[in-house]
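Under the working numbering, the first residue of the sequence shown is numbered 4, with each subsequent residue one higher. C-beta: ideal position from N, C-alpha, C; glycine also. Just below is one structure, and these are the notes that go with it.
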Amino acid sequence: MFKLSKKIAVVTGASRGIGKAMAETYAQADAHVICVSRNEDALNGVADLIRSNGGSASVAACNVSDLENFQKLIKDTVDNYGSVDILVNNAGITRDTLIMRMSEDDWDTVIDINLKGAFNGIKAVTRTMMKQKSGRIINISSVVGLTGNAGQVNYAASKAGLIGLTKSAAKEIGSRGITVNCIAPGYIATDMTDQLDDQAKDLLISQIPLGRIGSPDDIAATALFLASDEAGYITGQTFTVDGGMVMI
């Protein structure tokens with residue numbers, strides 16, 4: 004169950020955190036994973052770890068906000084491996100500040116990577132997946148895209164935009180056997196949450212019915228299901244993986 008044998012998966016933002024966990028999980032499920040980010044040195048470490056655990060992985064440096072760069076990545080992947088079966092648009096950044104202090108560059112950079120990057124990825128793989136008459140596209144949003152958050156108007160807008168992008172793309176290409184879904188993580192253990200003091204962590208956890216901060220593996224497990232054959236009748240959906248913090 005939930006095996007990805009002979010599947011080719013492209014995971015952006017794979018150098019750390021949630022992206023790294025998804026790449027490792029896909030490899031454990033027998034996919035070949037192309038680990039993508041701008042930091043090739045970090046990617047090599049992830050790919051080496053995957054291979055040391057018996058998995059199959061390669062790396063590709065890519066600026067996802069550049070359509071031509073993303074299209075080349077997909078073309079190279081098809082040339083080398085014959086297909087692209089799974090695309091995970093996970094690459095993302097934050098530039099947090101109140102809107103009255105936010106620069107135009109803070110806005111543009113977050114939108115370009117978080118939202119335009121996913122558009123570029125979907126646009127780059129669509130023709131290949133349509134020819135295959137199959138494919139899985141998974142966009143990583145955030146509960147902030149559902150609730151908003153003070154000091155994150157750029158990030159919240161980009162993540163809300165991903166939800167709309169997911170629904171629209173799912174309607175456009177579903178007839179070709181391609182599913183497009185979205186995962187909205189809640190608070191996940193990362194370098195950022197590790198830096199919080201005990202009082203801040205307790206306040207955070209008090210908002211979560213399950214009483215704990217999530218792990219990257221929680222998101223990776225959902226991404227594995229959505230990439231699998233078993234999820235073939237699910238498309239256009241947003242899955243909140245947040246310990247019950249946001250219930251809609």
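Exercise for review: Following the continuous alpha helix (DSSP H) through Phe122, name the residue where it begins and the one where it ends.
Suggested key: 120 to 135
Exercise for review: With a threshold of 16 other CB atoms inside 10 Å of the CB of Glu27, please say whether the residue is buried or exposed.
Suggested key: buried
Practice item. Report the option in Leu165, Ile141, Val146 whose CA atom is closest to the CA atom of Thr238. Key: Ile141
Point to revise | Collapsed DSSP secondary structure at Asn142 in the structure displayed | key: strand
Exercise for review: Starting from the C-beta of Phe228, find all residues in its chain whose C-beta is less than 7 Å away, skip the five residues before and the five after it, and write them out in chain order.
Suggested key: Phe5, Ala234
Practice item. Taking all protein chains shown into account, decide if Gln202 is buried (16 or more other Cβ within 10 angstroms of its Cβ) or exposed. Key: exposed
Check your understanding: Per the contact definition of three or more C-beta pairs closer than 8 Å, is the segment 66 to 83 in contact with the segment 126 to 137?
Key -> Between the segment 126 to 137 and the segment 66 to 83, the count of Cβ pairs shorter than 8 Å is three or higher; the stretches touch.
Check your understanding: From Lys162 to Gly48, what does the alpha carbon distance come to, in whole angstroms?
Key -> 28 Å
Check your understanding: What's the call for Ile251, buried or exposed, on a 16-neighbour Cβ count within 10 Å?
Key -> When all chains shown are included, Ile251 counts as exposed.
Check your understanding: Does the beta-carbon of Pro219 have 16 or more other beta-carbons within 10 angstroms, so that it is buried, or is it exposed?
Key -> Pro219 comes out buried.
Check your understanding: For Thr243, which of helix, strand or coil comes out of DSSP?
Key -> strand
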